[in-house]
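Residue numbers (full-length UniProt numbering), protein chains in the order written: chain A, 1 to 337; chain B, 1 to 329. Backbone N, C-alpha and C fix where the C-beta goes; we use that ideal spot for every residue, glycine too.
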Ligand SMILES: Nc1ncnc2c1ncn2[C@@H]1O[C@H](COP(=O)(O)OP(=O)(O)OP(=O)(O)O)[C@@H](O)[C@H]1O
Ligand SMILES: [Mg+2]
C-alpha cells in the first residue's frame, strides 16, 4: 500500500497534470459561459412577438406570391414569361408552417433536448486531456530516469506498473466525475435561467446518466491508451506521436485508401464514426459503392449498416487490452539502462 | 567474514546497433561485510552494467549473484530494503524539490518521513531542499542522489561514481561519511575513477577490464602483487655508484643509473642488494622499495597508460584470457 500512497501523491505533484486539469476546467468554463449568454429565457412577450413576426412574414410572403402570380397571368401569350413564373404558376404557395414562431425567437437552452450533445463535448475535451495525462504520468517518469530510481526501491516491475495504472484510472475517474458534475450543474443552471428544464422525467435522467457513464468510460479508456503507448515507448512523446500519426496521417490516408479501393462502408473504419457510435449509442453508415444492379426497377434502396456502442466498445476494449498486455510484457522483459 | 556481495560468472551481452556487445564476460566479485570496496575499471569496462544487474535493472545472460547471501534477482524484493544505491548520476524528476523526491521514495519504501530530513541534513542539502532539482548544480544533484541511497539506512551501499561533480570539500566529506558509515557496519561498494581517493578510503578493490576481473583483494596486497619490484639505491659516496652498478649487473640485476642513485627493477629481496654491495665495501645509505600507487597498478593491469602521440580509444584495454587474476579474494 505504501507504493499506492506514493503514486497517488506523485500524480498531483506533477505540474503538467495540474495544469492540464486546470486547462480542461477553463475550456469547459468558457464553453458553459458562452452557452449561458447565448441563450435566453422564453417569456410570454418574446413568444407573442415572435408569433406576430412569423405571422407578418407569412402575410408578406403571401402577398408577394399573389402579386407575382398575377403578373405572370397578365403576360400576353406569346411573350416570354419571367423565370419565376414557372415556380409561381405551379401553385406552390407559401405555407403557414414555413414561418414558425421559434424561428423568430432568440435561442433558448432546453435541457432535455440539448444536454446530451453537451455531454459529448465534455467527454471529448476531457478525453484529450486524459490521454496526455496518462501518457505523461508514466512517460515522463521514464524519460527523466525517475522510473529507474523507483525500481531500485521497488524491484517488482509488474506491481510498480500496475499500481501506476490503477492510480491513474482512479484519479482520471475522480477528475471526470468532478468535471462532469460541474458541467451538469453549469448547464442545469443555464437551463433554469436561460431556457427550460421541462420534461425531465426519471427516464430522461437515466438516459443522460448512461450517456455520462459512456463519456466517463471514453475518458478513462483514452487515458489508459496514452499510458500504454507511453510505457511501450518509455517516453511521453511516443504516445503523442502515435496519436498524431493515427489521427492525422492514419485517418486521412485511410480515407483515401478506402475510397480508392472502393471498400464498402468506408466510414466503418474511421475513428469519428466509432466515437459517435459510442456516445450516441448507434450510428448508421452507408455504402456509396452499392452495386447498381441492386437498384431494381429504378428503386435504389440505400444500403446502410448500423454500428452500435457495443460494437465500438468491444473493439476498443480489445485494442486497449492488447496494448496493455504488450506494455506489461515489455516492462517485465526489457532492460532498464 | 561473510560476503555481502558475491558475483560469479556474470555475463551480459547487449544487443546494440553495431551488433551484440559483450559487456561482461565471466566477471566475478566478492565484497566482505563492513568493508569499503573500490570497483575500478576503464570507461566502458562494465562497472555500471554490473551494478545495474545487481539491482535487477538489467537481466544478465548468466551468472550467480548474491546480495546478503540471497540470490538475486530472484530474491531481490526481499533484500532491496537493505540495499541503497545510486547508479551513474541518477536522474530525478526535474520539477520536484529534493524534499518531495525523497519523500516520495520514502513512501514507496514504506519508511518514516522523518528520515527525509535526516538524509538531507547528512548530505548538506537542508537549506536548499525546497528548491526544484532542475535548478541544482551537478554536485547538488549528486548529493541528492547520495541522500536517496542513504535514506534506507542500508546494509549495503552501492555508489557508482558518487564523487562525480563534487567539490573538494564535498569529496572529503564523502570520504569521511564513508568511513563513518563503514565503521557503523555498513558495507560500501564504490565505483570511482579517482584512484587517489580510492586508495585512501577503500579496504579492498576489484579491477575490471573489458568485462573481466583483472585483480582483486585488499588494497595493500594488490599494490604489492603488482608493484614492479623497483628498488631505489643510494650510496654514502656518490662516486662509488658506477662501481656498484657493475657489481649488481654482474649479479644479473637490471638497473638504471641516475646522477645520485640507482633504480633497480625486478628485485625480490632488497636485502640481497645490501649484502652484495657490502661484500665490496660499498655502503648503502638508502635502500627503498618503490611502492607503486594504485594509479600505476591500475594503468598497468588494464593496459590503459597513455602512450605519447596516440589517442587511446575506449575498449582498448587488457582482456585477460581467462578469469584468473593476481590475488584471490
Ligand atoms: N544500453 C546499452 N546498450 C548497448 N550497449 C551498452 C549499453 N549500456 C552499456 N553498454 C556497453 O557496455 C559496455 C560497458 O558499459 P558500462 O556502462 O557498464 O561501463 P562502465 O564501466 O560503467 O564505464 P564508465 O567508467 O564510463 O562509467 C560498454 O561497452 C557500453 O558501450
Ligand atoms: Mg559507469
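Status (buried if at least 16 other CB within 10 Å, exposed otherwise) for residue i
i                      : result
residue 79 of chain B  : buried
residue 317 of chain A : exposed
residue 80 of chain A  : exposed
residue 191 of chain A : buried
residue 74 of chain A  : exposed
residue 30 of chain A  : exposed
residue 108 of chain B : buried
residue 60 of chain B  : buried
residue 312 of chain B : exposed
residue 41 of chain B  : buried
residue 152 of chain B : buried
residue 138 of chain B : exposed
residue 314 of chain A : exposed
residue 382 of chain A : This structure leaves residue 382 of chain A out entirely; chain A is present only between 1 and 337.
residue 180 of chain A : buried
residue 276 of chain A : buried
residue 257 of chain B : exposed
residue 115 of chain A : buried
residue 150 of chain B : buried
residue 148 of chain B : buried
residue 180 of chain B : exposed
residue 39 of chain B  : buried
residue 63 of chain A  : exposed
Neighbourhood of residue i by C-beta, 7 Å cutoff - its chain only, sequence neighbours within 5 removed
i                      : result
residue 63 of chain B  : 7, 8, 9, 10, 11
residue 151 of chain A : 157, 160, 336
residue 44 of chain B  : 314, 315
residue 61 of chain A  : 94
residue 291 of chain B : 223, 227
residue 185 of chain B : 34
residue 31 of chain B  : 3, 4, 5, 37, 187, 189
residue 276 of chain B : 247, 248, 251
residue 88 of chain A  : 65, 68, 69, 72
residue 323 of chain B : Only weak support exists for where residue 323 of chain B lies, its pLDDT of 44 falling under 50; the value from the coordinates is given anyway. Excluding positions up to five away in sequence, the list reads 26, 28, 212, 213.
6 Å Cβ shell around residue i - same chain, five flanking residues per side excluded
i                      : result
residue 378 of chain B : This structure does not reach residue 378 of chain B, given that chain B is present from 1 up to 329, and the question cannot be answered.
residue 323 of chain A : 228
residue 143 of chain A : 235
residue 270 of chain B : 231, 287, 289
residue 126 of chain B : 120
residue 318 of chain B : 209, 302, 303
Cβ shell of residue i (< 8 Å), same chain only, five flanking positions each side left out
i                      : result
residue 161 of chain B : 88, 89, 191, 192, 193
residue 57 of chain A  : 99, 104
residue 3 of chain A   : 154, 159, 160, 163
residue 58 of chain B  : 12, 49, 52
residue 131 of chain B : 97, 98
residue 232 of chain A : 238, 323, 326, 327, 330
residue 273 of chain B : 231, 233, 248, 253, 264, 267, 284, 287
residue 254 of chain A : 269, 270
residue 281 of chain B : none
Rounded Cβ spacing between residue i and residue j (contact assumed at less than 8 Å)
i                      : j                      : result
residue 122 of chain A : residue 215 of chain A : 6 Å
residue 10 of chain A  : residue 104 of chain B : 6 Å
residue 182 of chain B : residue 297 of chain B : Not really, about 23 Å apart at Cβ, beyond 8 Å.
residue 92 of chain B  : residue 146 of chain A : 6 Å
residue 101 of chain A : residue 54 of chain A  : 5 Å
Three or more C-beta pairs under 8 Å: does that hold for the segment 112-127 of chain B against the segment 39-55 of chain B? no
Counting only Cβ-Cβ distances shorter than 9 Å, please list the residues of the segment 94-120 of chain B near chain A, keeping chain order. 94, 95, 96, 100, 101, 103, 104, 105, 106, 107, 108, 109, 110, 111
Check each residue of the segment 142-162 of chain A: if its Cβ is closer than 7 Å to any Cβ of chain B, include it; give the result in chain order. 144, 145, 146, 148, 149, 150, 151, 152, 153, 154, 155, 156
Would you say the segment 17-33 of chain A touches the segment 172-179 of chain A, given that touching needs at least three Cβ pairs under 8 Å? yes
Where the segment 12-31 of chain A meets chain B: residues whose CB sits under 8 Å from a CB there: 13, 14, 15
Specify whether the segment 219-235 of chain A and the segment 127-137 of chain A touch according to this definition: at least 3 beta carbon pairs, one from each stretch, less than 8 Å apart. yes
Given a limit of 8 Å on CB to CB distance, which residues of the segment 50-67 of chain B reach chain A? 52, 55, 56, 57, 58, 59
Three Cβ pairs or more, each shorter than 8 Å: is that satisfied between the segment 107-119 of chain A and the segment 259-276 of chain A? no
Taking any Cβ of chain B, which residues in the segment 228-243 of chain A have a Cβ under 8 Å from it, in chain order? none
Interface positions of the segment 185-210 of chain B facing chain A (Cβ-Cβ less than 7 Å), listed along the chain: none
The segment 303-312 of chain B touching the segment 252-262 of chain B, judged by at least three CB pairs closer than 8 Å: no
Between the segment 15-31 of chain B and chain A, which residues of the former have CB atoms less than 8 Å from a CB of the latter, in chain order? none
Would the segment 282-291 of chain B count as touching the segment 236-243 of chain B if we require 3 or more Cβ pairs under 8 Å? yes
Do the segment 191-203 of chain A and the segment 33-53 of chain A meet, that is, are 3 or more Cβ pairs less than 8 Å apart? yes
To be precise: take each residue of the segment 69-81 of chain B, compare its Cβ to all Cβ atoms of chain A, and keep it if any distance is under 8 Å. Which residues remain? 73, 76, 77, 80
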